[in-house]
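To start, the structure itself, in structure tokens.
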Amino acid sequence: MTPALASGGGPVIPNFGQGSSCEIHNGWFCTDWVRAHWGDTLQPALVQHVELAAIAVAIGFVLASALAFAGFRFRLLDPPIGFFADFLYTIPSLALFQLLVPLTGLTVTTVEIALVSYTLLILYRNMIEGLRGVPPDALEAARGSGFTRLQTLVHVELPLALPAVIAGLRIATVSTISIATVAAFVIPEGLGRPIFVALEQEVFKTEILTAGGLAVLLALSADAVLVLAQRALTPWSRLERRA
Amino acid sequence: MLADQFEPGTFVDAFRFMGHNAGFLLQKSGEHLELSLTALGIALLLSLPLGLWLGHRHRGLFFAVSVSNVGRALPSLVLIAVGLTIFGVGFWNNTAALVVLAVPPILTNAYFAIDGVDRDVVEAARGMGLGELQVLWRVELPLGLPLVIAGIRIAVIFVIATATIAAIAGGGGLGEIIVDQPSYGLSGVVAASLCVSALAFLAALLLSLLLRQMSRRPGPIP
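Listed in order, the protein sequences are those of chains A and B. Positions 1 to 243 (our numbering) are the ones given, in order, by the first sequence. Positions 244 to 465 (our numbering) are the ones given, in order, by the second sequence.
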């Protein structure tokens, strides 16, 4: 495999020599193993995973916002930005990680550049669609009330675009958490790391299922948090539905 | 470590690697396409009729949304690794993982494409005496086709990307080179990465062109 894996230190698990009978027979789910290695393997991987994903989504959000304002204000910029984001999105994750290695090495930077690239398309598209979807009546009303351009953007366009923006943020966050597992090919971090270790050790099932399950749970929880955030931020959308 | 410093020269080496191993890369690309297309074909057979029919009946909104949400939350690496624990190393483990990955975007998009077709148009078609299948085939499908193809396009991108990761489970294809740096060197890894990126890009481009063609010519398929 890659040198990152071969040279990675860390606890070597499972130890087929001394483990419980469940570990020796590679059972489907050895609770004793999970309990023994939560602190030294699973929990650090989970925390690293959250960090990798959070940084990528945050940077992607800032970049995509800037691009979306540019593409919204100057329509001519929209097609090239959209095409570029779409191009980045089509590059397979494993390939993109490896293509960045000659430039930025086996570092967190490599991983973050790749993860950020994948968030851009969905965030940008949803932001643009959200801003364009603002009803002309609302804009007309804002103009009639004497709002300046900036006031219209802040008080009318942005709040109305919020549901689309958060919908994009949900997809971007969940996909980033999912793709971040592949990062373990480049750096020994995140929930992909225990999965690779387990694959190298005769496909140790418990570790694969626990780390994989944690990744899925993390993605679903992040999604749920964003749904709640959207409800809190756009109380009017619930009023409309009731009416 | 091999590549901890800035080495843009690797890209030159990568192209040299391509020149020397063109036949080998072509063979691996073929394997890659074979795996991807098999999975995609199965996924289409499973999800397209179901998505279209649910959309036609305007039923299963919750199902369609859940499938898409859960599908996105399943990391491809986890799918492949879990597939390994169940099926062991081989072609079918990877095919199964890729199918699971390709189903959600196809199914959800097909559902929303048909569900969103203007109800008046559908009623008019029924009024003209078209049967349910005819309504779906001759009215709803042509109108919803762009969205259906957009879903297939996402699935194609997912599948080609994940077929790369499938190499860790003996899937062959271009990923085999990418995960085996000790044998092929960084230049080989980068060369294979470029090949797989080109493959994904070409497939996406092809479907984009098809999409444009479709949205330019609305109306029933002959």
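C-beta: ideal position from N, C-alpha, C; glycine also. In this text the structure is predicted, and so the values were computed from the model without any measurement.
Query, Result
"When you compare only the Cα positions, how much space is there between A:E189 and A:A141?", "52 Å"
"Nearest CA to the CA of A:I128: which residue from A:F72, A:T110, A:L199?", "A:F72"
"Any heavy atom of the ligand MN within a distance shorter than 7 Å of the CB on A:I81?", "The ligand MN is not part of this structure, which contains no ligands at all."
"When you compare only the Cα positions, how much space is there between A:A6 and B:P425?", "Reliability fails at A:A6, whose pLDDT of 39 lies under 50, so the model's placement of it is uncertain and the value that follows must be treated cautiously. One C-alpha to the other measures close to 10 Å."
"Helix or strand or just coil, what does DSSP make of A:Q201?", "coil"
"Determine, using beta carbons only, whether A:L169 comes closer than 8 Å to chain B.", "no"
"Leaving out five residues on either side along the sequence, give the residues of the same chain with a beta carbon under 7 Å from the beta carbon of A:T104.", "T110, I113"
"What residues from the stretch 198-214 of chain A come within 7 Å of chain B, judged by C-beta to C-beta, listed N to C?", "L199, V203, K205, I208, L209, G212"
"Would you please verify whether the beta carbon of B:G431 is less than 8 Å from any beta carbon of chain A?", "no"
"A:R238 to B:G359, Cα distance in whole Å?", "22 Å"
"Please decide whether A:G94 counts as near chain B, where near means a Cβ-Cβ distance under 8 Å.", "One detail in the question is off: residue 94 of chain A reads as Leu in this sequence, not Gly. For A:L94, the answer is yes, since a Cβ of chain B falls inside 8 Å of its Cβ."
"So that I know if they touch, is there some Cβ in chain A lying closer than 8 Å to that of B:A447?", "yes"
"Which of the residues in the stretch 265-280 of chain B, read from start to end, lie with their CB under 9 Å from any CB of chain A?", "none"
"Mind listing, in chain order, the continuous alpha helix (DSSP H) runs of no fewer than 4 residues lying wholly within the stretch 260-315 of chain B?", "265-300"
"Residues of chain B with a CB under 7 Å from the CB of A:T181: which are they?", "P318, L320, V321"
"Give the DSSP-derived three-state secondary structure of A:I187 in the structure shown.", "coil"
"When burial is assigned at 16 or more other CB atoms within 10 Å of the CB, is B:G252 buried or exposed?", "exposed"
"What do you reckon, are the CB atoms on B:Y354 and B:G314 nearer than 8 Å?", "no"
"By DSSP, does A:L209 sit in helix, in strand, or in coil?", "helix"
"Determine, using beta carbons only, whether B:L327 comes closer than 8 Å to chain A.", "yes"
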